[in-house]
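Engineer: Going by my numbering, the first residue of the sequence shown is number 15, and it counts up by one from there.
By construction, the Cβ of each residue, glycine as well, lies at the ideal position given by its N, Cα and C atoms.
Computed from a prediction, not measured in an experiment: that's the story for all the values here.
If you scroll down you'll find the structure; I have some questions about it.
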Amino acid sequence: MCTVRFNVTTSMTSRVFLYIKITNMYQNHRLYLKSLDPGQLAGKVYMSAGDFPVGGETSCAFLQYANCSTASQYIWNGNSLSHADSNPDCLITPKPPVVINAHPNAQYYPCGLVANSMFSDWISNLTCIGSACRTSTFEFSESGISWSEDSSIYKPTGWVSDPTLQQQIPTMILPPPQWRKAWPDVWGNGYNSTNVPDISKWERLHVWMRKAGLPHFRKLWGRNNTSTLDQGIWEVSIVDNWDCRRFEGTKSLVFGQIGLMGSKNLFLGYAFLIMGCICALFTVLIGVYRPRKMGDHAHLSWVKNKLD
């Protein structure tokens, strides 16, 4: 765990937003953005990892088969490879017990690279250092951070609602490898009938699953609609679970507000001003060097008719 202190130079009134900022991560890579299954996210039960649709717009592919011995083959650059070759659970020795005990038809829930790579750092609420602040803590809520159309996509899995299927959960569905690593106290030993996440209410997952179009992006991670973040020295504690060094990226926290015109974006403002000046300059140049001939009213049809 690390502790970061920072100075808030100007008080931020109600509706303060917490963003995670990530650089050099290409969520728009074709293989990455397709690596999910909409049916599974909508609560559909697949009795076998081999039952997932193949050849459509989306495919869990690399993180679909939780049993390394039964992972299927796929073709890549003309070579026949196994999904186990790209599965972290299958590349480590010794393998975790939850993987060893997995049923031959076991699957990951949720499957795919997008869910597995979810941002997993633990971020505490803010603590004010000193007596300058009116409140000693500033809390962020996860509620209300995802788009309503995104939240409507996700439903609880049918594995939990069916009593017969509940008994099969420990060996039939496994948490993604990075989830077990980031949250060992919750999912280190796999799922059971009581700890399978209700993804319909997990808004941070919804936010993460909406892929960014550019390699440098922010994602809304919390909000406070009522309190004021006072001017002063604040402190936040962070548990570093999410490794960005593998892709030479960075991660940081951003606190901001949104006005009637949206959040502050200097790039767009500068871009519009520069383009406006360029257009005005070309308008003047064209008017000077290639002026349009003034129209002669004598050539108007109704004037010519009167003259005739």
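(1) Can you give me the C-alpha to C-alpha distance between G126 and Y168, rounded to a whole angstrom?
(2) Can you tell which of T185, M186 and W193 has the C-alpha that lies nearest to the C-alpha of F133?
(3) Tell me the rounded alpha-carbon separation between W197 and A294.
(4) Going straight from the alpha carbon of P229 to that of K48, what length do you get?
(5) With a threshold of 16 other CB atoms inside 10 Å of the CB of E7, please say whether the residue is buried or exposed.
(6) Have a look at L267 and W173 and give me their C-alpha separation to the nearest angstrom.
(7) Mind checking which residues open and close the beta strand (DSSP E) that includes S251?
(8) Could you round the C-beta distance between D103 and P110 to whole angstroms and report it? I think they count as a contact, below 8 Å.
(9) State the Cα-Cα distance for the pair H311 and V317, rounded to the nearest angstrom.
(10) Which residue wins for smallest C-alpha separation from S251, given the options T185, L282, T151 and D257?
(11) Between which two residues does the beta strand (DSSP E) harbouring C16 extend?
(12) Among the residues of its own chain, which have a CB less than 6 Å from the CB of I288, if the five just before and after it don't count?
(13) Kindly indicate which three-state DSSP category K265 falls into: helix, strand or coil?
(14) List the DSSP bridge partners of V30.
(15) Would DSSP call S155 helix, strand or coil?
Structural biologist: From the atom records:
(1) Near 15 Å, if we compare the C-alpha coordinates of Y168 and G126.
(2) Among T185, M186 and W193, the Cα nearest to that of F133 belongs to W193.
(3) In this structure, the CA atom of W197 is about 57 Å from the CA atom of A294.
(4) CA-to-CA, the gap between P229 and K48 works out to about 17 Å.
(5) There is simply no residue 7 to check, as the chain begins at 15 and stops at 322 in what is shown.
(6) Each residue's alpha carbon lies about 36 Å from the other.
(7) Going by DSSP, S251 is part of the beta strand (DSSP E) stretching over G246 to V253.
(8) Between D103 and P110 a beta carbon distance of about 7 Å is seen, short of the 8 Å cut, so the two are scored as contacting.
(9) The straight-line gap from Cα to Cα measures roughly 7 Å.
(10) That would be T151, whose Cα lies nearest to the Cα of S251.
(11) Per DSSP, C16 is one residue of the beta strand (DSSP E) stretching across C16 to V22.
(12) Excluding five sequence positions before and after I288, none of the CB atoms of its chain fall closer than 6 Å to its own CB.
(13) Note: K265 maps to strand in three-state DSSP.
(14) Within the DSSP bridge table, the entry for V30 names N238 as partners.
(15) The DSSP-derived three-state label of S155 is strand.
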